[in-house]
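One structure below.
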Amino acid sequence: MPQVLTRKFLADSIEQVQIGDNLADDLAQIRVVLENHFGAVVNGSNLTPTADPDGLRAALFEASPRLKDTVHELRSIFDGGTSVMIVPQVHLAHLDVDDRGLMLYCLALGLGYPTGTEPRHRQVVWPVIARAKPGEGFATHSELDTEAKYHTDTTFYPNPERYFILYSVRAARCGGGVSKLRASKHIINYLQKTDEGKRALQVLRALRVPFRIPSVFTDSGDASEKVYTFSRILDDQDKVRWRDDTVKRGLTEQPSFAHPDINRSIEEFEKALDEAPEEVRLTLDDDSLMLVDNHRALHARTAFQDRVRHLLRIRFHDRPPMQDAR
Ligand SMILES: [Fe+2]
């Protein structure tokens with residue numbers, strides 16, 4: 000029985016995928032597998048990465064063929080070159096938030112290797128709720144209600160996760176919090192059309208820049224601690240790593256990296272983020288999710304006022320991470 004029912008292209012490489020409504024029917028047996036595996040009562044908010052993701056995945060697939068089929072069908076869509084999938088209804092709305100987190104954890108583990116969001120508690124299912132005020136330490140987008148410009152996630156880690164799931168428990172009701180999505184290949188194609196753009200691509204592929212690590216993700220969690228990851232914005236396979244405030248703050252604090260060519264190239268790159276074709280704008284409605292290839296797509300979000308907006312986010316690698324590199 001196929002779990003993916005229909006596919007509709009929203010833009011090149013970005014598509015809407017409708018899935019069956021019965022995944023949550025397997026919650027009871029999924030919970031048993033998780034509790035046997037972790038040896039404790041589990042809920043969405045206390046789940047951490049496991050030392051044996053392959054073993055747990057196999058056990059979950061055995062207990063829930065629906066989960067297995069859903070994962071395999073979503074995986075084959077990614078394998079076909081899609082960078083972002085929007086699932087307009089995940090059919091989890093009748094579950095409480097902890098049980099929804101549990102199901103999403105299993106979806107992410109089915110597709111890959113979920114990571115802990117911050118170093119201290121290693122919580123996998125991360126609530127995205129406006130909780131910080133601008134200017135308080137150096138906060139991340141998921142803690143703020145201000146605009147999040149186009150970026151990729153965890154730019155400041157040595158090995159940013161390949162994928163993330165962002166699930167909407169409750170969308171903002173104020174008209175804000177609109178998601179914007181772009182496949183990075185259209186940014187690169189756009190830059191290739193002009194001499195300045197081609198030069199920018201060469202520079203972005205060649206020069207390392209300092210990405211400043213937000214306070215919540217440093218080992219101490221102290222706002223005064225200044226820590227960086229040094230990396231290129233585009234690697235040899237055009238895997239993209241970009242968040243403007245981490246780079247610009249890094250370049251201001253580490254001026255030896257602020258070569259005039261890098262500043263000019265960043266301007267060209269940001270122009271392409273504004274002007275390139277094939278952008279998708281949408282609101283993640285209640286009980287919908289986006290599944291994003293974080294190496295091949297960039298995402299953004301408009302500001303919002305409705306502070307009851309509530310999302311859940313899980314990031315995961317496509318292969319087992321190195322022990323010391325997340
Ligand atoms: Fe993000």
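Counted from 1, the sequence shown has number 55 at position 56 by numbering that gives the first Met the number 0; the numbering is strictly sequential. We put the CB at the ideal spot given by N, CA and C, even for glycine.
Using C-beta distances below 6 angstroms, list every residue in its chain close to residue i, excluding the 5 sequence neighbours before and after it, in chain order.
i      : result
Glu195 : Glu267
Thr282 : Ala170 and Val177
Arg325 : In this prediction, Arg325 has a pLDDT of 48, which is less than 50 and means its spatial position is unreliable; what the coordinates show is noted afterwards. Around Arg325: Thr114, Tyr156 and Asn158.
Phe37  : none
Taking 7 angstroms as the limit between beta carbons, can you name the residues of its chain near residue i, skipping five residues before and five after?
i      : result
Ser82  : Ser12, Ile13, Ala182, Asp292, Arg295 and Ala296
Pro276 : His185
Lys7   : Glu14 and Gln15
Quick check on the DSSP output: the alpha helix (DSSP H) that includes residue i runs from which residue to which?
i      : result
Arg300 : Careful: Arg300 lies outside any alpha helix (DSSP H), inside the beta strand (DSSP E) at Ala296 to Arg300.
Val96  : Val96 to Leu110
Glu117 : First-last for Glu117: undefined, no H or E at that position.
I need the boundaries of the beta strand (DSSP E) containing residue i, first residue and last residue.
i      : result
Phe8   : Val3 to Ala10
Thr228 : Tyr227 to Ser230
Arg314 : His309 to His316
Pro126 : Trp125 to Val127
Leu22  : Here Leu22 belongs to no beta strand (DSSP E), and DSSP marks it neither H nor E.
Lys238 : Unbroken run through Lys238: none, as it is neither H nor E.
Tell me, to the nearest whole angstrom, how far the beta carbon of residue i is from that of residue j; I am working on the premise that it is less than 8 angstroms.
i      : j      : result
Asp317 : Arg161 : 4 angstroms
Leu203 : Arg231 : 7 angstroms
Thr301 : Arg240 : That pair is no contact at about 23 angstroms.
Glu224 : Ala10  : Glu224 to Ala10, Cβ: 40 angstroms. No contact.
Ala299 : Lys148 : 6 angstroms
Looking at ligand 1, does it come within less than 7 angstroms of residue i, judged from the CB to the closest heavy atom?
i      : result
His298 : yes
His150 : yes
Ala147 : yes
Excluding the 5 residues flanking residue i on each side, which residues of the same chain have their C-beta closer than 8 angstroms to its C-beta?
i      : result
Leu250 : Val208, Pro209, Phe256, Ala257, Ile261 and Asn262
Ile29  : Leu59, Ala62, Ser63, Leu66, Leu101, Met102 and Cys105
Asp323 : Note that Asp323 scores a pLDDT of 45, beneath 50, so its modelled location is shaky; the value from the coordinates is reported in the next line. For Asp323, where only same-chain residues beyond five positions count, there are no Cβ hits under 8 angstroms.
Under 8 angstroms between C-beta atoms, does residue i make it to chain B?
i      : result
Glu146 : No chain B appears in the structure shown, which is made up of a single protein chain.
| Secondary structure, beta strand (DSSP E): runs of 3+ residues fully inside the segment 243-284 | Restricted to the segment 243-284, the beta strand (DSSP E) segments that are unbroken, complete and at least 3 residues in length are 279-281, listed in chain order.
| said: Runs of 3 residues minimum, wholly inside the segment 169-214: which ones carry the beta strand (DSSP E) assignment? | reply: The qualifying runs are 178-182 and 208-211.
| Curious, which full-length beta strand (DSSP E) runs of at least 3 residues does the segment 50-97 contain? | Entirely contained in the segment 50-97, the beta strand (DSSP E) runs reaching 3 residues are, in chain order, 83-86.
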